[in-house]
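Asks:
Written out as structure tokens, the structure is:
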């Protein structure tokens, strides 16, 4: 089936980086194989809205095979990568091995616990759809349990939600959770005393959203506080225990839910494949995104640490631009041309905080409030893959905006889902 | 919090029967508590479309608390019922006990294996949303595995899907699965040989859809065969083994997927509560739906076997009518009036087989094809709860109809879900 007269490029990971690499390689006289352990692409920027019961998980997932149908030279395999033999140019998988002429590794990132005790065991994460579903189910189940709990200590603990990390994910989720509680859940649970409900956002640094202009950071903190979120700065987590977060200053927070958004690190696949890794488990590569001594292997996206680019943020635009570049460099290599270095064109940052509220740092300008929020909506709707997904997400937002209703207040599946 | 000056009616189960009982009791001078172990109502008639990757599970689920908001006298508890003390009029749960003055039991039904060996262990069922999600994920994963499987025997087995039971669920699912395979999956898997894919429908009786006029039954079988379904009548399953179904006539069918729709029985809750049960685990009740010697306990829906009604089908209209009657009988009892007996008004039967094809037996008339299919669509869309759910389901149908596309071809959650 494999026409080995044409060079074969294998792309591992169907996130933003992998998809853009595949798009760039489509319709070229090469064989392309995309490999992922899931059968769908996930639109990560809206993951927190799944956890906040606003949109269905299906609405931000898209079947990979559906995306690839229009590319005659691109195939797909749902497989787990177990190892690589760079000399033989072969990937070991949970099934038959996969050989390649060029390899693009784009497995993304996973949560980073920084070795804080108890985080891996007791915290929720927001890095995969399974995790987002699990967190949504847990939040809704906490309210259901609290409604039946006569012990005030236990009830208050069930109703205390602690988010660790004041970056974009922590800020966006804190806002979405506060708004879920403020109207939809308040109407759902008329017998609960909502003064017992707390949303706490812990950030180790001096302020939220590090890296953004101070005005935007102050706006974000003020908006979250107005939504009832307790924003605690300079709060360093020492340990997480069942039902409790301990801070370095000795504070104990009794909390039934700990959401850890404090850090991400390169996917352990880099280490598993025997590639040398640097800070945050990322793989150092040349500025051309090639692995030293193996110019046929490219690493892109959250896993890559390209020379000369400084510390790039782990965001979709970086992955997209690197995916396209790695693909172009492979096409150049096939034509005997030298590879080009990566230069990041930063399109800016958009973070939403809640209804009519967001911060934008784009086109060299900073703005907040309704215009930033509208821009956020538009950009995310346009970037989302699939017309029906856009329709479903837009209707979820409309129900939220018009009726103050979160339509996916469902504990479903009703049995726990746990990501490995 | 409980104002015990007003009589308290507890309704167990938020299916069709429970919801219609609650609706009938709303705004009356009584306290009503609805109890379910899930936080959502499930619209069972479309469960098979979830398993066939056509609509999202969320689209046929609705948050119970959202349904009850407009009823000031109705509360909800998400709880598992463990036992009943009829003398003390108290339900034991997994949390605090619940006391009642009147009790309506509407827990529904579960799959019935008829003691056939291996069914409970190796078959998939279509009775809960978790099961439907699990089946969808398994079907899609079977195609992904088959695409990588070099062994033709194993590959053919992975691609053989066997449905046991030629009632409405088996017929509707067989048609939906055949259409999922015929276009969307055929386009998704260009390297697979689709002559290796089989859908087999086994029915123990002489024909499909027992109870319907012969013309409709013949039409259903012919339509399914035209969709490529192998319809085997008089096929009695002796045992289910991993990867294999054995029939009583000695036939062995090598199959990676067995979907058991051959029978349902009353929810085991009836037995767990110590109620005497009759055929199919159903609880014999008076024609007024009251339990003998405990006129304050009503049993309705799939679990009830009311005197003088014959063998009622386990369908939504029966549950809805019984829910309303049980509620009215409680209101009558409170006014000192005698209870009324149950009389089933059969609204007819609608079964869809696929695109433009259905059978209808309504208003004393039988018809097939496009008019029956349109009627099926309309009835199900109107009955579905929630405007946004209707929008999402309608868009799923539209994508299927217009683009031959199943939008939810997602293995999600990516870890297995298993119903207890």
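Residue numbers (UniProt numbering), protein chains in the order written: chain V, 1 to 420; chain G, 1 to 420.
C-beta atoms are modelled at their ideal positions from N, C-alpha and C, and glycine is treated no differently.
Please read these numbers as outputs of a predicted model, since none were measured by experiment.
Apart from the five residues just before and just after residue 116(V), which ones in its own chain have a Cβ nearer than 6 Å to its Cβ?
Replies: Cβ neighbours of residue 116(V) beyond the five flanking positions: 237.
Asks: Ignoring anything shorter than 3 residues, give me the beta strand (DSSP E) runs that lie fully in the region 203-249 of chain V, in order along the chain.
Replies: Runs found: 229-232, 237-241 and 244-247.
Asks: Is it buried or exposed for residue 378(V), if we count other Cβ within 10 angstroms and need 16 for buried?
Replies: Residue 378(V) should be labelled exposed.
Asks: Have a look at residue 257(G) and residue 283(G) and give me their C-alpha separation to the nearest angstrom.
Replies: Between residue 257(G) and residue 283(G), the C-alpha separation is close to 33 Å.
Asks: Compare the C-beta of residue 411(G) with all C-beta atoms of chain V and state if any pair is closer than 8 Å.
Replies: Judged by the 8 Å Cβ criterion, residue 411(G) is in contact with chain V.
Asks: Where residue 134(V) and residue 241(V) are concerned, what is the direct C-alpha to C-alpha distance, given to the nearest angstrom?
Replies: Going from the Cα of residue 134(V) to the Cα of residue 241(V) covers about 19 Å.
Asks: So is residue 294(G) in contact with chain V if we call contact Cβ pairs under 8 Å?
Replies: No, its Cβ sits nowhere closer than 8 Å to a Cβ of chain V.
Asks: Please list the residues of the region 390-406 of chain G that have a C-beta atom closer than 7 Å to any C-beta atom in chain V, keeping them in chain order.
Replies: If the cut-off is 7 Å between Cβ atoms, the region 390-406 of chain G has 391, 392, 395 and 399 near chain V.
Asks: From what residue to what residue does the beta strand (DSSP E) around residue 298(G) run?
Replies: That run of the beta strand (DSSP E) goes 294-299.
Asks: Does the beta-carbon distance from residue 366(G) to residue 216(G) come in below 8 Å?
Replies: It is a contact, given that the beta carbons lie within the stated cut-off.
Asks: Roughly how many angstroms lie between the CA atoms of residue 35(V) and residue 28(V), to the nearest whole one?
Replies: Each residue's alpha carbon lies about 19 Å from the other.
Asks: Listed in chain order, which residues of the region 107-139 of chain G have Cβ atoms closer than 7 Å to some Cβ of chain V?
Replies: Listed by position along the chain: 129, 130 and 133.
Asks: Might you give, ordered along the chain, the residues of its own chain that have their beta carbon closer than 8 Å to the beta carbon of residue 48(V), omitting 5 neighbours on each side?
Replies: Excluding residues within five positions, the ones whose Cβ falls inside 8 Å are 126, 132, 169, 172, 173 and 176.
Asks: Which whole-angstrom value describes the C-beta separation of residue 124(V) and residue 260(V), a residue pair presumed to lie in contact below a C-beta threshold of 8 Å?
Replies: Their Cβ separation, rounded to whole angstroms, is 7 Å, which keeps residue 124(V) and residue 260(V) in contact under 8 Å.
Asks: With a threshold of 7 Å on Cβ separation, who are the neighbours of residue 424(V) within its own chain once the five nearest residues in sequence on each side are excluded?
Replies: Nothing about residue 424(V) can be read from this structure; chain V reaches only from 1 to 420.
Asks: Report the neighbours of residue 142(G) on chain V: residues whose CB is nearer than 8 Å to its CB, in chain order.
Replies: Residues of chain V passing the Cβ test: none, with the nearest at roughly 11 Å.
Asks: What is the DSSP secondary structure of residue 2(G), counted as helix, strand or coil?
Replies: Residue placement at residue 2(G) is poorly supported in this model, since its pLDDT is 48, which falls under 50; the coordinates still yield a value, given next. Coil, per DSSP.
Asks: Within the 8 Å Cβ cut-off, does residue 5(V) reach chain G?
Replies: Not an interface residue.
Asks: So is the beta-carbon of residue 196(V) under 7 Å away from any non-hydrogen atom of the ligand ZN?
Replies: This structure lacks the ligand ZN; in fact it carries no ligand of any kind.
Asks: Whole angstroms is fine: what's the gap from residue 463(G)'s alpha carbon to residue 203(G)'s?
Replies: Because chain G is modelled from 1 through 420, residue 463(G) falls outside the range shown and cannot be assessed.
Asks: Skipping 5 residues on each side, what residues in its chain have a beta carbon closer than 8 Å to that of residue 3(G)?
Replies: Note that residue 3(G) has pLDDT 48, beneath the 50 cutoff, so the model's placement of it is unreliable and the number below is only indicative. The residues are 31.
Asks: I'd like the span of the beta strand (DSSP E) that includes residue 266(V), first residue to last.
Replies: Residue 266(V) -> beta strand (DSSP E) spans 264-266.
Asks: Report buried or exposed for residue 144(V), applying the criterion of at least 16 other Cβ atoms within 10 angstroms of its Cβ.
Replies: Buried.
Asks: Report, in whole angstroms, the separation of the C-beta atoms of residue 289(V) and residue 272(V), which I expect to be a contact under 8 Å.
Replies: Actually they do not touch by this definition, with Cβ atoms about 20 Å apart.
Asks: Using a beta-carbon distance cut-off of less than 7 Å, what residues from the region 28-54 of chain G approach chain V?
Replies: Result list: 38, 39 and 40.
Asks: Identify the contact partners of residue 99(V) in chain G, using a Cβ-Cβ distance below 7 Å as the criterion.
Replies: Those do not exist, as residue 99(V) stays about 14 Å from chain G at its closest Cβ, beyond 7 Å.
Asks: Counting beta carbon pairs with one atom in the region 94-114 of chain V and one in the region 383-391 of chain V, are three or more of them shorter than 8 Å?
Replies: With a cut-off of 8 Å, the region 94-114 of chain V and the region 383-391 of chain V do not count as touching, because too few Cβ pairs lie within range.
Asks: Using the beta-carbon of each residue, which ones in chain G are nearer than 8 Å to residue 18(V)?
Replies: Here the premise fails: no neighbours, minimum Cβ distance about 17 Å.
Asks: Using a beta-carbon distance cut-off of less than 9 Å, what residues from the region 145-156 of chain G approach chain V?
Replies: Result list: 145, 147, 148, 149 and 150.
Asks: Taking the Cβ atom as the reference point for each residue, do residue 101(G) and residue 307(G) lie within a distance shorter than 8 Å?
Replies: Not closer than 8 Å, so no.
Asks: For residue 182(G), decide whether its Cβ has a neighbour in chain V, counting only Cβ atoms nearer than 8 Å.
Replies: Judged by the 8 Å Cβ criterion, residue 182(G) is not in contact with chain V.
Asks: Which same chain residues, not among the five before or five after residue 316(G), have their C-beta less than 6 Å away from its C-beta?
Replies: Only 16 meet the Cβ criterion.
Asks: Output, in chain order, the set of chain V residues within a Cβ distance shorter than 8 Å of residue 188(G).
Replies: Simply 63, 65, 66 and 69.
Asks: Using CA atoms only, rank isn't needed, just tell me which of 44(G), 81(G) and 395(G) is closest to residue 274(G).
Replies: Measuring from the Cα of residue 274(G), the nearest candidate turns out to be 81(G).
Asks: Taking only three categories from DSSP, how would you classify residue 54(G)?
Replies: Three-state DSSP puts residue 54(G) in coil, outside helix and strand.
Asks: Measuring alpha carbon to alpha carbon, tell me which residue in 140(V), 233(V), 50(V) and 57(V) is nearest residue 64(G).
Replies: Residue 140(V) is the option with its Cα nearest to residue 64(G).
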